[in-house]
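Reviewing the structure listed below.
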Amino acid sequence: MDFYVTTPIYYVNDKPHIGHAYTTIVADVLARWRASQGEHITFSTGVDENSQKTVDAAKKAGEEIRAYTDRMADIWQAAWAKLGISNTDFIRTTEERHLEVVRDIWGRIDAAGDLYKGTYEGLYCKGHEAFIKESDLVDGVCPEHKTEPEVVKEENYFFKLSEYQDKLLRFYDAHPDFVVPANRFQEVKSFVEQGLEDISFSREGKDWGIPVPNDPHQAIYVWADALVNYITVKGIEGWESHPADVHTVGKDILRFHAVIWPAMLMSAGLPLPGQIAANGFITNAGVKMSKSLGNGVNPFDLVARYGVDAMRYFLLREIQYGEDGDYSEEKMKTRYNADLANGLGNFAARVLTLAEKETGSASGGVKFGELDEEFSKTIADTRRIVEGKMAAFRFSDALAAIWDAVSFGDRYVNDTKVWEIKDDAVRGKALFNLVSLLDNVAALLPPFIPETSRKIAASIEWKDGILNAKKPDVLFPRVK
Ligand code: MSP
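Going by numbering that gives the first Met the number 0, the residue at position 131 of the sequence shown is 130; the numbering climbs one at a time, nothing skipped.
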């Protein structure tokens, strides 16, 4: 089975912050989860270069646009590599393979009679890369980007989005899980039910961006180009035979993905993606982190202090998927010490230290045996709960279930006082229970904390009826 998951393609006007890392990590969790179930993965991420923001940022940096985007694309690609993201492709919208597909899709939408020329008059927010209504402004500025919109009057190509209202609503009805979480889907439906206006699909006289076929004075609207990246990654035939299973996005760009994108695909006669999963915002002291505002926390500062796995764990456990979540150093430290250092790290160290003592001792190591009923039940229940929670994008609950299993193991160590059991067979049985539990916990962890999971699994060797354990280096050193 194939599984195709995507992240948004990020603007290159700045470096990644933990908000971007969060969306990418969510896609990575889904990719690793499906890989652990034996599926073949296509996982794409990349950068959205044909934006006016790129031009402005290059100018600000005093660089030629191409050189600037090349440098920034490298920064983004290197960032995901450093965070151990398992993407199988990295797409840039200035690549030839993308231009070809964009032109093809534009031609299909045109051939369907869904493009016409008209005059657009209104306000444009560069931060959003979208037209914005007067009524959306607060004190004359865009409330999200805190900038004044441009007043625009120009000739544009329009996409007949208004024609797709009924088709979209029918599609939503037939696909009740198309947008997750459900409350966000409700917002999308209400928006569409209120009626859709045609949207401007090109900009006049822009010299950066993909030219409209046969009308080079017009550049294709950056969103009409960017969304198509998901097709480019697979090629048109590849998309036809297997479109994306999940597009992970932030709630800020949900409408583009859940309304405009399906309408474009319907118009082009192509299949629709399976699901759009929208995360909330990570805030810094209550304010959305953003490149425009410059209040983003650098993921690498966090990684330097806590490690990649700890950052992943924090984001996935602390934030209920779909909701906003506030980042603070204090919260990070608390979670780290409580759940990782004292929780999983301590449990693994206790169990593996006790088991290591048996290796090569008079007892002859921990022997394979039958698990006690409460252990086999805990393991099976945990796996079942995690599977259900993953299908519902409830990553925090999935982790909570795994940590419940760890707490169960911890209580067992305390209650039985394994180290005081004199009888080799009884002690061996207790250790067999514990190491099996730990090994099964580790087997559920790769999607979330891959490195730690590998370290635990590598400390346990099952061979010839004997279980050998080796205590690993401290998994999560306490942080003051
Ligand atoms: N280029 C467009 C996307 C085109 S996809 C066809 C874009 N880029 S972006 O760089 O501005 O942001 C992309 C995504 O980054 C957001 O949708 C969201 O997933 C993520 N985030 C950016 N800031 C974020 C937070 N503060 N919190 C959580 N996610 C954030 O929009």
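Idealized CB from N, CA, C, for every residue including glycine.
- For the pair ASP172 and ILE17, the Cα-to-Cα distance works out to about 35 Å.
- For SER43, there is no enclosing alpha helix (DSSP H); the enclosing beta strand (DSSP E) covers residues 39-47.
- LEU370 has its Cβ no nearer than 8 Å to any heavy atom of ligand 1.
- For ligand 1, no non-hydrogen atom lies closer than 8 Å to the CB of ILE401.
- Under the three-state reduction of DSSP, GLN193 is assigned to coil, being neither helix nor strand.
- LYS479 has its CB no nearer than 8 Å to any heavy atom of ligand 1.
- Distances from the CA of ASP463 to each of LYS454, GLY368, ASP13, ALA78 were compared; the closest alpha carbon is that of GLY368.
- Less than 9 Å separates the beta-carbon of ALA347 from that of SER458.
- DSSP places GLU460 in the uninterrupted beta strand (DSSP E) bounded by 459-462.
- The stretch 322-330 and the stretch 282-295 touch, with no fewer than 3 CB-CB distances between them shorter than 8 Å.
- By the C-beta criterion, the stretch 153-169 is judged not to be in contact with the stretch 126-144, since fewer than 3 inter-stretch pairs fall below 8 Å.
- Per DSSP, the unbroken beta strand (DSSP E) holding TYR9 starts and ends at 1-10.
- Counting the other CB atoms within 10 Å of its CB gives LYS132 a total below 16, which places it among the exposed residues.
- Bridge partners of ALA468 according to DSSP: ILE459.
- The DSSP-derived three-state label of PRO215 is strand.
- DSSP places ALA129 inside the beta strand (DSSP E), whose first and last residues are 129-131.
- Here TRP222 is buried: its Cβ has 16 or more other Cβ atoms, across all protein chains shown, within 10 Å.
- Under DSSP, no beta-bridge partner is assigned to GLU63.
- DSSP, reduced to helix, strand and coil, places ARG477 outside both helices and strands of the structure shown, so it counts as coil.
- Placement of the Cβ of ASP47 at a distance of less than 8 Å from at least one heavy atom of ligand 1 is found.
- Rounded to the nearest whole angstrom, the C-alpha separation of ASP403 and ASP308 is 19 Å.
- Going by DSSP, GLU355 is part of the alpha helix (DSSP H) stretching over 345-357.
- Residue state for PHE394 is assigned as helix, using DSSP reduced to three classes.
- No residue range can be given for TYR220, since it is assigned to no alpha helix (DSSP H) and is classified by DSSP as neither H nor E.
- Within a 10 Å sphere around the beta-carbon of VAL473 sit fewer than 16 other beta-carbons, which makes this residue exposed.
- It is roughly 8 Å from the alpha-carbon of HIS241 to the alpha-carbon of ASP1.
- In the assembly as shown, ASP55 is an exposed residue. Its beta-carbon has fewer than 16 other beta-carbons within 10 Å.
- GLN274 sits in a strand when the DSSP states are folded into three classes.
- Taking non-hydrogen atoms of ligand 1 into account, the C-beta of GLY208 is found less than 8 Å away from none of them.
- Excluding sequence positions up to five before and after PRO270, its CB lies within less than 8 Å of the CB of TRP238, GLU239, PRO242, LEU264, all in the same chain and listed in chain order.
- With contacts defined by Cβ atoms closer than 9 Å, TYR320 and ARG393 form a contacting pair.
- Non-local beta-carbon contacts of GLU149 in its own chain, meaning distances under 6 Å to residues more than five positions away in sequence, involve TYR123 in chain order.
- A heavy atom of ligand 1 is found nearer than 8 Å to the CB of THR247.
- Taking 9 Å as the cut-off, the beta carbon of SER43 is found closer than this to the beta carbon of ILE90.
- Boundaries of the alpha helix (DSSP H) harbouring ASN439: 423-443, taken from the DSSP string.
- By the neighbour-count criterion, in which 16 or more other beta carbons inside 10 Å mark a residue as buried, HIS39 falls on the exposed side.
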